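Working notes, structure below.
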Amino acid sequence: MIALPPEPLRAALLAWFDRAGRDLPWRRGPEGGRDPYRAWVAEILLQQTQVARGLGYYERFLAAFPTVQALAAAPLEDVLKAWEGCGYYARARNLHRAAAQVAAQGAFPGSYEGWLALPGVGPYTAAALSSFTLGAPHAVNDGNVRRVLARLYGERAPSPAWVQARADALLDPARPGAWNEAVMDLGATVCTPKAPRCAPCPLAQWCAARASGEPTAYPAPKVRAPVQAVQAVAALIGSRERAHLERREGTLLGGLMGLPAEALLAGESPEAALARLCARLGATPGPLLGQVRHGMTHRQVTLHVYRAQAELPLQPVAQAALARLDQKALALEAARQEGLFPA
DNA sequence: AAATCGGGGGG
DNA sequence: CCCCCAGATTT
491 MIALPPEPLR AALLAWFDRA GRDLPWRRGP EGGRDPYRAW VAEILLQQTQ
541 VARGLGYYER FLAAFPTVQA LAAAPLEDVL KAWEGCGYYA RARNLHRAAA
591 QVAAQGAFPG SYEGWLALPG VGPYTAAALS SFTLGAPHAV NDGNVRRVLA
641 RLYGERAPSP AWVQARADAL LDPARPGAWN EAVMDLGATV CTPKAPRCAP
691 CPLAQWCAAR ASGEPTAYPA PKVRAPVQAV QAVAALIGSR ERAHLERREG
741 TLLGGLMGLP AEALLAGESP EAALARLCAR LGATPGPLLG QVRHGMTHRQ
791 VTLHVYRAQA ELPLQPVAQA ALARLDQKAL ALEAARQEGL FPA
């Protein structure tokens, strides 16, 4: 392993950060002494979610739940509604659970280990929050850090342990929170995945990937599981404004509401699956409204949406937290209020 | 170590 | 179309 000189490298990156770092709403307050509630909500929201996308959700979420006490007291349905469309809904469920723990103990964690003990807080988030809110010397390891360090050291296949060791060694003990934010800002705005801008990079003089002439070769792309094609049927009972909805159980979209649905069994036709679904609901199958397709990283879902009739409770769709897939399905029923779509 | 969990931005 | 994103949890 090449030993990089830590002090000049730290000074160069922190000087760049102080000049060119991003101005983000969760960065208000003193360095190393940020408001733990605002910092925590941001870190959970930003897990596997790009900053530009998280911004809108952040403001709306804080407006709906201004304090951890308000979050703890709110029904989970309201929390999921605020999270609607953002994905990885276990984050919202864990955030709600953790809020109850924090409210019960009357204070936010005062250490890395304390943060790590909260549901939904793993090694990255505990390092981020302990450095941002407590000034604790813990180095974050996220996608940006992985890419920046892989390029800096010229490592094509950086393991999590390799990244953490390098991040720990480089962390500036005088400004751990600022250092963590600086590496992430560099990765997000300069050392980007496909088009790194080496010219303005404050670390260029030490960077092995830049010296190689092919910075984007570091790190090598991760091998990903193939996308699996899935088919299912759903029943629309009622209208797109007031429909019969079910709560999804399990890990996939768990906690969200959606149209009653059944996955097609191997070799099964959509009509047969619809018959199974209607038998379960005590409903009468109706005509096909259409199909919607929806991609979910490792799944490509084709949903066949049918109308159905039944004496089942309807609820206002606008107040329920729905996945994008169900919103697409509901959109198949054209709004037909008098005057909305004149003939 | 590998699989699973959403949805969208950007080349 | 493909890779990636302020990862965590479960297997």
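All the letters of the first sequence, read from the start, carry residue numbers 491 to 833 under the numbering used here. No residue lacks a Cβ here, since even glycine has one placed at the ideal position from N, Cα and C. Everything numeric in this text was worked out from a predicted model, so none of it was measured.
Express the C-alpha separation of residue j and residue i in angstroms, rounding to a whole number.
i	j	result
Ala664	Pro716	44 Å
Gln591	Leu494	42 Å
Gln827	Ser729	Only weak support exists for where Gln827 lies, its pLDDT of 46 falling under 50; the value from the coordinates is given anyway. Taking the straight line from one Cα to the other gives about 11 Å.
Pro650	Asp513	29 Å
Ala701	Val713	26 Å
Ala588	Gln559	11 Å
Ala626	Leu660	15 Å
Val791	Leu754	11 Å
Asp658	Val680	22 Å
Gly546	Leu693	32 Å
Asp675	Ala580	26 Å
Pro496	Gly575	42 Å
Gly644	Ala707	9 Å
Leu503	Pro526	25 Å
Pro777	Ala798	8 Å
Ala655	Leu552	35 Å
Ala562	Val541	25 Å
Pro498	Leu535	33 Å
Leu764	Gly633	42 Å
His784	Leu815	6 Å
Trp696	Ala647	19 Å
Ala672	Tyr614	15 Å
Gly604	Val531	16 Å
Pro556	Arg550	10 Å
Arg756	Val569	Per the sequence presented here, residue 756 reads as Ala, with Arg not at that position. Those two C-alpha atoms are separated by around 36 Å.
Arg687	Val635	16 Å
Leu639	His586	34 Å
Ala833	Ala564	Reliability fails at Ala833, whose pLDDT of 31 lies under 50, so the model's placement of it is uncertain and no value is given.
Glu795	Gln817	Per the sequence shown, residue 795 should be read as Val rather than Glu. Their backbone Cα atoms lie some 12 Å apart in a straight line.
Phe831	Arg509	At Phe831, the pLDDT of 41 sits below 50, so the modelled position is not reliable; the number obtained from the coordinates is stated separately. If I take the Cα positions, the gap works out to 53 Å.
Leu822	Ala685	39 Å
Ala824	Met786	25 Å
Asn670	Gly511	11 Å
Glu801	Ala762	22 Å
Pro760	Ala698	55 Å
Compute the beta-carbon to beta-carbon distance between residue i and residue j, rounded to the nearest angstrom, for a pair I have assumed lies under 8 Å.
i	j	result
Val611	Asn631	That belief does not hold up - the Cβ atoms of Val611 and Asn631 are roughly 14 Å apart, past 8 Å.
Gln538	Tyr578	6 Å
Gly519	Leu624	Contact doesn't hold; Cβ gap of about 13 Å is too wide.
Leu836	Leu726	Shown here, the chain extends from 491 to 833; a query on residue 836 therefore has no answer.
Arg583	Leu566	7 Å
Ala733	Leu749	7 Å
Gly677	Arg637	5 Å
Do residue j and residue i come within 8 Å of each other at the CB atom, strictly closer than that value?
i	j	result
Pro705	Arg641	yes
Tyr548	Trp573	no
Ala813	Val782	no
Ala724	Leu793	yes
Phe622	Ala751	no
Ala629	Ala617	yes
Met747	Ala808	no
Ala710	Phe507	no
Leu608	Glu533	no
Arg524	Asp662	no
Gln718	His788	yes
Pro806	Glu731	yes
May I ask you to verify whether the segment 770–780 touches the segment 593–608, counting CB pairs closer than 8 Å and requiring at least 3? Taking a contact to require three or more Cβ pairs closer than 8 Å, the segment 770–780 and the segment 593–608 do not qualify as touching.
For the segment 521–593, list the alpha helix (DSSP H) runs that are entirely contained and at least 4 residues long, ordered along the chain. Runs of the alpha helix (DSSP H) spanning 4 or more residues and lying entirely within the segment 521–593 occur at 526–535, 541–554, 558–563, 566–573, in chain order.
Given 8 Å as the limit, is there contact between the segment 734–741 and the segment 672–687, that is, 3 or more CB pairs closer than that? At 8 Å Cβ cutoff, the stretches do not touch.
What are the complete alpha helix (DSSP H) segments, minimum 4 residues, inside the segment 739–797? Here the runs fully enclosed are 760–771.
Just to confirm the assignment: which complete beta strand (DSSP E) runs, minimum length 3, are found wholly within the segment 657–693? Taking only runs of at least 3 residues, no beta strand (DSSP E) segment lies wholly in the segment 657–693.
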